[in-house]
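In what follows, a structure is listed as structure tokens, so that the remarks can point back to it.
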Amino acid sequence: MDTLAHGLWTNVIYQRQRSIDRWWAIFFGVAPDLFSFGPFFVTRLIDNAWPAGRPSLASIPVYVSIIYSYTHSIVIWLIVFGLVVLWRRGRVWWPLSAWLVHILVDIGTHTYEFFPTPFLFPLSSWKINAINWADPTFMIVNYSLLLLAYLEIYRRRRISS
Ligand SMILES: [Zn+2]
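Start counting at 1 in the sequence shown, then tack on 106, and there's your number in my numbering.
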């Protein structure tokens, strides 16, 4: 799924968390794309070649796919999640679960054609050929659902205030 939608959905899912945890969740909800594609987009901006929509595969440097494998792996997530639990003496830090949600969503919204999710990296290169997030129908449905979710959040806030 696109990074903006990842961020917006994370905010919806973690709506009931206290503000600081919600902001951390939003950070981890977009981080997998931010750290892999972020530097590439910045260099494109500097080169004045801001990509309109999805960039062509040939234009994407190798380092992007390498970082992408780390940030989109459930194996890597489990290791980091476990280390954080250990560091916090057994207490789970829930905002980190937004990173897992990102990976799970991506598994269902990428095809073999463009960055299928390497969710078992480095144990296996097995990937799933699912829905294309850039497909206009998917985009319309996804952003319509987001709009409904935000209207509902707004409605509930008005009732409670
Ligand atoms: Zn992603």
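Ideal Cβ positions, reconstructed from N, Cα and C, are used throughout, including at glycine.
- Buried or exposed (CB count within 10 angstroms, at least 16 for buried), residue 131: As a working mapping, residue 131 is identified with position 25 in the sequence shown. Residue 131 is buried by the Cβ-count criterion.
- Item | residue 128 burial status per 10 Å Cβ neighbour count (16 or more: buried) | Taking the sequence shown and counting its residues from 1, one reaches residue 128 at position 22. So residue 128 counts as buried.
- Message: Any residue with its Cβ nearer than 6 Å to a heavy atom of ligand 1 should be included. What is that list in chain order?
- Response: 138, 139, 178, 208, 212
- Specify the secondary structure class of residue 146 as computed by DSSP and reduced to three states. For the purposes of this step, residue 146 is taken as residue 40 along the sequence shown, with counting starting at 1. DSSP places residue 146 in helix when its eight states are reduced to three.
- Message: DSSP three-state label for residue 188, please.
- Response: As a working mapping, residue 188 is identified with position 82 in the sequence shown. Helix at residue 188.
- Report the rounded CA-to-CA distance for residue 237 versus residue 215, giving the unit in angstroms. As a working mapping, residue 237 is identified with position 131 in the sequence shown. As a working mapping, residue 215 is identified with position 109 in the sequence shown. Their Cα atoms are separated by approximately 5 Å.
- Do residue 255 and residue 170 have their CB atoms nearer than 8 Å? For this step, residue 255 is matched to residue 149 along the sequence shown. For this step, residue 170 is matched to residue 64 along the sequence shown. In this structure, residue 170 does not lie closer than 8 Å to residue 255 by Cβ.
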